[in-house]
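**Q** Could you have a look at this structure, given as structure tokens, before my questions?
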Amino acid sequence: MRYQQDLQVALRDRLRRLMTATYTAYGHEAALVCDWISNQAGLRAILTDIAGAESDVTVDDWEQACGQAQNLVWRTTTEAGRARLIWEWLKSVAEQDVPIHNRPITMISSERNLNAILREVTESVVMPLFDYLGERIGSESSVLYHLERYVRRVEWFDRDDLHERYTANTRQGEKVYDDHLRRFLFDQGLDMPFSQPKSASGLSDVIGELDTDDPLVCEVKVFDADGHDKRGITSGVHQVIHYAQDYGKSTAYLVVVNLSGRALELPTDGTGKQWPPFVDIAGVRVHLIAVRALPTVSASKMGKARPVAITREDLADPDA
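Residue numbers for the sequence shown follow numbering that gives the first Met the number 0, beginning at 0 and rising by one.
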């Protein structure tokens with residue numbers, strides 16, 4: 000909770016810096032703000048989550064429409080879409096290809112003083128992005144951030160204990176990791192049930208907050224290159240897609256518990272450096288979170304590294 004509170008305070012401080020920046024320094028200040036936001040894991044996770052929201056609305060078209068109307072015209076229809084649009088606009092300001100005072104968006108203000116114009120633009124255009132980020136952080140709903148912490152929790156602290164419980168009853172071993180993830184997310188503040196709600200497609204391992212604006216649809220699959228192979232991961236992808244479609248959601252998460260001792264190479268529709276990898280299938284973005292859960296062994300016993308490559312085609316075809 001302290002992390003979220005500190006981040007909210009820091010967000011407001013960055014907004015204040017933009018509000019007070021002069022027109023000659025605005026682009027530079029915007030660059031500093033964008034760099035800071037991009038380096039905060041919690042905020043980066045939220046922005047990754049909304050990267051595809053109403054992507055048909057471009058910055059150039061929106062800004063030109065505002066300039067022609069001499070008023071703020073929102074072409075997006077969701078808070079996530081608006082936040083995505085503002086973030087892309089702010090990054091374009093940071094690049095300083097066009098001086099901020101020459102951009103069409105300044106036409107929304109009736110002020111004559113350039114600094115006063117930019118204060119109005121910041122309040123009307125930029126503030127909704129900071130409000131959105133603050134609310135998402137405040138509601139503990141930056142799911143990717145929590146899942147990133149979960150990966151570290153298992154890999155750093157809980158590998159041996161979980162694996163011992165898994166091997167004690169491998170027939171129900173997947174439930175060990177499902178329960179562990181569920182409890183972790185609940186402790187992080189995600190309002191999720193302990194029972195498994197039933198959708199039209201069946202039972203999802205983890206379905207939380209489905210009646211809110213920030214739902215969670217998450218499936219847990221074990222991969223061990225033996226009884227739980229690539230087909231299990233493919234099955235998990237299509238299960239979360241079905242659950243998401245049942246509830247009208249566009250984002251889902253597949254946590255792959257890797258017990259194979261081999262690195263997993265997962266495909267992505269994003270950039271190679273972006274974590275986690277994701278695939279967009281049937282209108283649903285499925286984030287793929289791999290957890291190295293096999294207890295570690297000494298380097299001398301590991302043998303030659305043989306990664307397991309899973310292609311997008313593997314995930315797209317449930318009958319492959």
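Glycine is no exception: its CB is placed at the ideal position from the N, C-alpha and C atoms.
Nothing here was measured: the structure is a model prediction, and the numbers come from that model.
1. Just reading off the beta strand (DSSP E) that Leu215 is part of, what are its end residues?
2. By a C-beta neighbour count over all protein chains shown, 10 Å radius and 16 as the cutoff for buried, is Thr166 buried or exposed?
3. With respect to the alpha helix (DSSP H) encompassing His27, which residues constitute its N-terminal and C-terminal limits?
4. What residues are listed by DSSP as bridge partners for Asn257?
5. By how many angstroms is the C-alpha of Val8 removed from the C-alpha of Leu14?
6. For Thr250, count neighbouring Cβ atoms within 10 angstroms of its own Cβ and tell me buried if that reaches 16, exposed if not.
7. Apply the 10 Å Cβ neighbour rule to Ser140 and answer buried if 16 or more other Cβ atoms are within range, or exposed otherwise.
8. Under the three-state reduction of DSSP, which class applies to Leu10: helix, strand or coil?
9. Of all the options Gln63, Thr233, Lys229 and Thr47, which has the alpha carbon lying nearest to the alpha carbon of Arg261?
10. According to DSSP, is Ala308 part of a helix, a strand, or is it coil?
11. Checking the sheet assignment: what are the DSSP bridge partners for His227?
12. Measure the beta-carbon distance from Arg311 to Asn257 and round it to whole angstroms, keeping in mind my assumption that it falls under 8 Å.
13. Under 8 Å, with one C-beta from each stretch per pair, do the segment 20–34 and the segment 47–57 reach the 3-pair mark?
14. What is the residue span of the beta strand (DSSP E) that Asp279 lies within?
**A** The short version:
1. Here residue 215 is taken as the residue at index 216 of the sequence shown, counted from 1. From DSSP, the beta strand (DSSP E) with Leu215 extends over Leu215 to Phe222.
2. Translated into positions along the sequence shown, residue 166 becomes position 167. When all chains shown are included, Thr166 counts as exposed.
3. As a position in the sequence shown, residue 27 is number 28, starting the count at 1. Residues Tyr25 to Ser37.
4. Residue mapping note: residue 257 aligns to position 258 of the sequence shown, counting from 1. Answer is Phe222 and Arg291, bridged to Asn257.
5. Within the sequence shown, numbered from 1, the residue matching residue 14 stands at position 15. Within the sequence shown, numbered from 1, the residue matching residue 8 stands at position 9. Our two residues, Leu14 and Val8, have alpha carbons roughly 10 Å apart in a direct line.
6. Residue numbering aside, residue 250 sits at position 251 when the sequence shown is read from its first letter. So Thr250 ends up on the buried side.
7. Working through the sequence shown from its first residue, we reach residue 140 at position 141. At Ser140 the pLDDT is 48, less than 50, meaning the model places this residue with poor confidence; the figure from the coordinates comes in the next sentence. Looking at its Cβ environment, which holds 16 or more other Cβ atoms inside 10 Å, Ser140 is buried.
8. Counting from one through the sequence shown, the residue named residue 10 turns up at place 11. Here DSSP, grouped into helix, strand and coil, assigns Leu10 to helix.
9. Residue 261 sits at position 262 when you count from the first residue of the sequence shown. With respect to the C-alpha of Arg261, the residue from Gln63, Thr233, Lys229 and Thr47 having the closest C-alpha is Lys229.
10. In the sequence shown, counting from the first residue as 1, residue 308 sits at position 309. Note: Ala308 maps to strand in three-state DSSP.
11. As a position in the sequence shown, residue 227 is number 228, starting the count at 1. Within the DSSP secondary-structure output, His227 pairs in no beta bridge.
12. Your numbering for residue 311 matches position 312 in the sequence shown. Your numbering for residue 257 matches position 258 in the sequence shown. A Cβ-Cβ distance of about 19 Å is found for the pair Arg311 and Asn257, leaving them out of contact under the 8 Å criterion.
13. Counting C-beta pairs with one atom in each stretch, the segment 20–34 and the segment 47–57 have fewer than three that are closer than 8 Å, which means they do not touch.
14. Against the sequence shown, residue 279 aligns to sequence position 280. For Asp279, the enclosing beta strand (DSSP E) has its first and last residue at Phe277 to Ile280.
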